[in-house]
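Engineer:
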Amino acid sequence: IYEAQNRAVRLALKYFERNYAEARQTTDYVTETVKTGNLAVAAFFERTSRALDPQLHTHCVIANLTRRPDGKWRALTNEQLHYQKKFIGQVYRNYLACELRQLGLEVESRPKGLFELKGVPQELIEAFSTRSQQIKEMLPALREQYPTLSETVLKAIAAQNSRSPKLKVSEAELQAHWQKKLADAGLDMEKLRKGLFNQPRTELQPVNHVDMALKVLTQEESVVASEDILNTALQYSIGHKTITDVERELKSAKTPVKMEDGLYSTREMVTLEAELAKYLQNTSGSQTPLLARQPFMLLPEDKVLTADQEQALLGTLSSRNKVTAIQGDAGTGKSQLAEVIARNYNRKGYDILPLSPTALAAKGLRDKGLTTANTIDRFLTRRPTHSRRSRLFILEESSQLGSAKLQQILERTHTNDRVLLVGDRHQHQSIDAGAIFNKSQEHSLIDTGHLKKNIRQESGPLYLRQVIGLLANQQVQEAFELLDRHQHIREIADGDERLAALVEAYAAAEAGREPLLITGTNSERRLLNEMIRERLVEQGRVSADGKELTTHQPKHVRLGEKNLSHSYQEGDFFFLNQAIDKLGRGSRGVVTAVDHAQNSIEVSIQGKRWPGKVTIDLSQNGHHLSAYSRNEFTFAEGDKIIFLKNDDALGVQNGLTGTITSLRDDGAMTVRTPDGQVLTIDTSRYGFFDYGYSATSYKVQGSEHARVVYHADTRHFNRFQNFYVAASRAREDIEILTDSKARLLEQVQVQEMKTSTLDYPAEQMQAQQSLGMGLDLSLSEESA
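Going by my numbering, the letters in the sequence shown line up with residues 1142 to 1925, in that order.
(1) If I'm right that ARG1872 touches ALA1847 with Cβ under 8 Å, what's the distance once you round it to whole angstroms?
(2) By alpha-carbon positions, which one of SER1760, ILE1746, THR1516 and GLU1599 ends up nearest to ASP1788?
(3) Please state the DSSP three-state secondary structure of ASN1863.
(4) Cα separation between ALA1366 and GLN1890?
(5) My parser needs the beta strand (DSSP E) runs of 3 or more residues fully inside the segment 1558-1629; what are they?
(6) Enumerate in chain order the residues of its own chain whose CB-to-CB distance from THR1172 is below 6 Å, with the five nearest sequence positions on each side excluded.
(7) Can you tell me where the alpha helix (DSSP H) with ILE1721 in it begins and where it stops?
(8) Between GLY1701, VAL1731 and THR1775, which lies nearest to GLU1675 when the distance is taken from Cα to Cα?
(9) Between the segment 1727-1742 and the segment 1706-1713, do three or more beta carbon pairs fall short of 8 Å?
(10) On the three-state DSSP scale, how would you describe ARG1870?
(11) So for LEU1658, helix, strand or coil by DSSP?
(12) Which whole-angstrom value describes the C-beta separation of ASN1462 and GLY1426, a residue pair presumed to lie in contact below a C-beta threshold of 8 Å?
(13) Grouping DSSP H, G and I as helix and E and B as strand, with all else coil, what is ARG1983?
(14) Using the three-state DSSP reduction, which class does GLN1428 fall into: helix, strand or coil?
(15) Considering Cα atoms alone, identify which of ARG1148, GLU1893, SER1363 and VAL1202 is closest to TYR1236.
(16) Looking only at C-alpha atoms, which of MET1279, GLU1312 and SER1311 sits nearest to ALA1297?
(17) Report the three-state DSSP secondary structure of GLU1778 (helix, strand or coil).
(18) Pairing CB atoms from the segment 1523-1536 with CB atoms from the segment 1472-1490, are three or more of them under 8 Å?
(19) Quick one: using the 10 Å Cβ neighbour count with 16 as the cut-off for buried, is THR1691 buried or exposed?
(20) Kindly give me the distance between the Cβ atoms of GLY1590 and THR1457, rounded to whole angstroms, as I take these residues to be in contact under 8 Å.
(21) Does DSSP classify ALA1853 as helix, strand or coil?
(22) Measure the alpha-carbon distance for LEU1916 versus ASN1579 and round it to whole angstroms.
(23) Within 10 Å of its beta-carbon, does SER1374 have 16 or more other beta-carbons around it, so buried, or fewer, so exposed?
(24) Within its chain, find whatever has a CB closer than 6 Å to the CB of TYR1901; leave out the 5 residues flanking it on each side and keep chain order.
(25) Taking the alpha-carbon positions, what's the SER1190 to HIS1200 distance?
(26) Please classify GLY1474 as buried or exposed, where buried requires at least 16 neighbouring CB atoms within 10 angstroms.
(27) Cα separation between LEU1658 and GLY1472?
(28) Flag GLY1712 as yes when its Cβ comes closer than 8 Å to any non-hydrogen atom of the ligand ATP, and as no otherwise.
(29) Contact between the segment 1223-1235 and the segment 1321-1328 is defined here as three or more beta-carbon pairs at a separation below 8 Å; is this criterion met?
(30) Name the DSSP bridge partner or partners of HIS1846?
(31) Where does TYR1170 land, buried or exposed, given buried means 16+ other C-beta within 10 angstroms?
(32) Applying the criterion that 16 or more other CB atoms from any shown protein chain within 10 Å of the CB defines a buried residue, is THR1512 buried or exposed?
(33) Mind reading off the beta-carbon distance from LYS1754 to TYR1834? Whole number of angstroms is fine, and I expect it under 8 Å.
(34) Quick check: the segment 1849-1865 against the segment 1652-1668, are at least 3 beta-carbon pairs closer than 8 Å?
(35) Hey, GLY1748 and VAL1732 are a contact pair by Cβ (cut 8 Å); roughly how many whole angstroms apart?
(36) Since VAL1819 is in the beta strand (DSSP E), which residue starts that stretch and which ends it?
The structure is reproduced here in structure tokens:
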């Protein structure tokens, strides 16, 4: 086993050395990074922890020097060491797992690409986990002392604070110490050894794990880095394949299409996005302009359009293209204009189909006059209809629309139907793969009207209007400095003080005038919710007489780990984003058993058609699941809550907030929403809600509020979109609290970018020719 560890470390270092050892080289005043292929590393092998428990590990110290191809020794450029450290860690673990299996041991995969030896009893783990127990005992006090820190950081602090000096003991003393611990735990070494080497062997299905990884990863990104593909493939095959095996699979796999060195997509994604671009090109000029049949625009009587709204309206109604777009900055009246466009088309006999990625956004459209608005998913799950009337599809929040869903919508349109994409390319983009709203504009595939005139902040202070205008024009530093000059950015380095200030900002506001509190991560959101609620109970604004309720919270599982059984537990609720065999899209149920050996879950499906249990193969279908965990929380009258799942019967949408006005002992509660609607919820049947005192910027996109407080902790990366969305929600005032103004300014100048195969015209062209399609995707002068 010691030799297996040494080989795994040596092979992982060799892989890093061969692929990522680099130095800088300057020739004729031009500096570039060159591969060197060599490292100087000192490895220190250790077998015990400081508490003298068995803990096999190796410390590797990399010297800051390398020999360039020109023979000169220079300092390493360490970007790749930083970027690829997790990947190299996975390379090492797969080498070690395979080495151990060759010795006759068996391994079990664990979350995040980890593994354990199969057959090790829990009593043995506990007996030799002295350091873990020391760290665990320190955590409660540290959580109370540092409530802002993540569990990972707290464990690191506990590990540091509980470190004792290393003890020097002889081999005989060490063996005697271990034998005593085994005896105290009632364990026999020989029985343990036999048990470990007689575990049933687990054999993987003969699949190409690179194909499997790429199939999963391209659910969210059109183009994927080779390291991400290989890392995911290694996690799926730990104990059975090494980096050599999966690199060989990458070369032989049929699924990958190489876009450029180190970047891949799939044939399906290349074809999908090329067909979308081809569709937009082929339907350009295919329609009769609405104004050719109606030589005047129908303008609203109850509101005055801005000049750019009128210009965009004219452009849309006079366009000959089947698909058009409106790019509107935040707060420029996109939905208002969409309703005016809908009236004009409806006047000429068109049916109007407003669609949105979320149910809450669809409700917002209905409230603004587009009464038939629905979600995109609801539209796509219904059986296609054949209407004799032409239709206008209005796709709101199109920046959040993935390529696959747009294609599915376009496939359901008829010859004379029109499609209007409405969105803001500067806000958060689609979770699904593709950035078709952005890319269709960049590649001049679509006629686009532009809205720049701000309406939302029109009656607000001048500084706020200026800030939103600067951000919309990508003048981030100027916007940041303007906010700072007006003292709307507060730097509070201490995390506890900053949290206290956030709680005070919420609790000091009068009831009904609380700010919209936006934070960066779900862990921060949960912590702030608990702290604010505790303060409101002290103030008497939330009843102290609460009731513990069972709720279902979304499991924030990384996409690649949805295909692993360790991401699920008995009692988890789930629903399907895509059909699996006979289970249709939207099917829902409860996990009744988890089989780690087969990497599958047994589920009970809700509905009369499925009275029994169904097994879902996670290796093939895990990425089609959205899962929720069961939790117990205390709720009371006065609590602000947020709903987490759509339910038409109850009239609730994911993201809708409300205040509990009554809560009975049987769990029935009434909730008043911001628009005055009163909902009655049986929490024994619907438990998808959480405290709603704070939210992430993703959750609040599309909303607006009088006052916004934005918590920007720079330990978590804050991109431009987080900053822009948070600031542009405010009508009257925005306040930002951060630990570091300087770091925050650096972070918010970085854009959140979605990949697209349309950004690789030469590679796309070559791939398309091999598929018998062919398509001109060269950039226009404007977009280039």
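A virtual CB, placed ideally from N, CA and C, is assigned to each residue, including glycine.
Note that this is a predicted model, so its numbers are computed, not measured.
Structural biologist: Short version:
(1) Taking the sequence shown and counting its residues from 1, the one referred to as residue 1872 is at position 731. Taking the sequence shown and counting its residues from 1, the one referred to as residue 1847 is at position 706. Contact annotation, ARG1872 with ALA1847: C-beta distance approximately 5 Å; criterion of less than 8 Å satisfied.
(2) As a working note, residue 1788 is residue 647 in the sequence shown. It is THR1516 whose Cα lies nearest to the Cα of ASP1788.
(3) Indexing the sequence shown from 1 puts residue 1863 at position 722. In this structure, ASN1863 counts as helix in the three-state DSSP scheme.
(4) Looking up residue 1366 in the sequence shown gives position 225. Looking up residue 1890 in the sequence shown gives position 749. Their backbone Cα atoms lie some 23 Å apart in a straight line.
(5) The segment 1558-1629 is shown to contain whole beta strand (DSSP E) runs of 3 or more residues at 1559-1564 and 1588-1592, in chain order.
(6) Translated into positions along the sequence shown, residue 1172 becomes position 31. These residues qualify, in order along the chain: ARG1165.
(7) What you label residue 1721 is simply residue 580 of the sequence shown in a count that begins at 1. In the DSSP assignment, ILE1721 falls outside any alpha helix (DSSP H), carrying neither H nor E.
(8) Against the sequence shown, residue 1675 aligns to sequence position 534. Closest option to GLU1675, Cα to Cα, is THR1775.
(9) With a cut-off of 8 Å, the segment 1706-1713 and the segment 1727-1742 count as touching, because enough Cβ pairs lie within range.
(10) To locate residue 1870, count along the sequence shown from 1; it is residue 729. Coil.
(11) If you number the sequence shown from 1, residue 1658 lands on position 517. Looking at LEU1658 - three-state DSSP - the assignment turns out to be strand.
(12) The residue given as residue 1462 occupies position 321 in the sequence shown. The residue given as residue 1426 occupies position 285 in the sequence shown. Rounded, the Cβ-Cβ distance is 7 Å, consistent with contact.
(13) The structure shown does not extend to residue 1983, since the chain is modelled only from 1142 to 1925, so the question has no answer here.
(14) The residue labelled residue 1428 in the question sits at position 287 within the sequence shown. In this structure, GLN1428 counts as coil in the three-state DSSP scheme.
(15) Start at 1 with the first residue of the sequence shown, and residue 1236 comes out as number 95. Residue ARG1148 is the option with its Cα nearest to TYR1236.
(16) Locating residue 1297 in the sequence shown gives position 156, where the first residue counts as 1. Looking at the Cα atoms, MET1279 is the closest of the given residues.
(17) Numbered from 1 along the sequence shown, position 637 holds the residue referred to as residue 1778. Coil.
(18) Because the criterion of three Cβ pairs below 8 Å is met, the segment 1523-1536 and the segment 1472-1490 touch.
(19) Sequence index remark: in the sequence shown, residue 1691 carries index 550 (1-based). Exposed.
(20) In the sequence shown, the residue the question calls residue 1590 occupies position 449. In the sequence shown, the residue the question calls residue 1457 occupies position 316. Confirmed, about 6 Å.
(21) To locate residue 1853, count along the sequence shown from 1; it is residue 712. Here ALA1853 sits in strand by DSSP.
(22) By 1-based counting over the sequence shown, the position of residue 1916 is 775. By 1-based counting over the sequence shown, the position of residue 1579 is 438. With a pLDDT of 47 at LEU1916, under the threshold of 50, the modelled position of that residue is not reliable, and no figure is offered here.
(23) Indexing the sequence shown from 1 puts residue 1374 at position 233. Checking the displayed sequence, the identity of residue 1374 turns out to be Ala instead of Ser. So ALA1374 ends up on the buried side.
(24) Counting from one through the sequence shown, the residue named residue 1901 turns up at place 760. Contacts found: MET1400.
(25) As a first step, residue 1190 is located in the sequence shown; it is residue number 49 there, counting from the start. As a first step, residue 1200 is located in the sequence shown; it is residue number 59 there, counting from the start. Those two C-alpha atoms are separated by around 13 Å.
(26) Taking the sequence shown and counting its residues from 1, the one referred to as residue 1474 is at position 333. So GLY1474 counts as buried.
(27) Numbered from its first residue, the sequence shown carries residue 1658 at position 517. Numbered from its first residue, the sequence shown carries residue 1472 at position 331. Rounded to whole angstroms, LEU1658 to GLY1472 spans 19 Å at the Cα level.
(28) As far as ligands go, the structure on display features none, and thus does not contain the ligand ATP.
(29) The segment 1223-1235, when compared against the segment 1321-1328, does not touch it at the 8 Å Cβ threshold.
(30) Along the sequence shown, one-based indexing puts residue 1846 at 705. DSSP output for HIS1846 lists ALA1871 as bridge partner(s).
(31) As a working mapping, residue 1170 is identified with position 29 in the sequence shown. By the neighbour-count rule (16 or more Cβ atoms within 10 Å), TYR1170 is not buried but exposed.
(32) Counted from its first residue, the sequence shown places residue 1512 at position 371. With fewer than 16 other CB atoms across the displayed protein chains lying within 10 angstroms of its CB, THR1512 is exposed.
(33) Position 613 of the sequence shown holds residue 1754. Position 693 of the sequence shown holds residue 1834. Going by Cβ atoms, the distance from LYS1754 to TYR1834 rounds to 39 Å, so no, they are not a contact pair.
(34) Contact between the segment 1652-1668 and the segment 1849-1865 is present, because at least three Cβ pairs lie under 8 Å.
(35) In the sequence shown, counting from the first residue as 1, residue 1748 sits at position 607. In the sequence shown, counting from the first residue as 1, residue 1732 sits at position 591. A Cβ-Cβ separation of about 16 Å leaves GLY1748 out of contact with VAL1732 under the 8 Å criterion.
(36) To locate residue 1819, count along the sequence shown from 1; it is residue 678. For VAL1819, the enclosing beta strand (DSSP E) starts and ends at 1819-1823.
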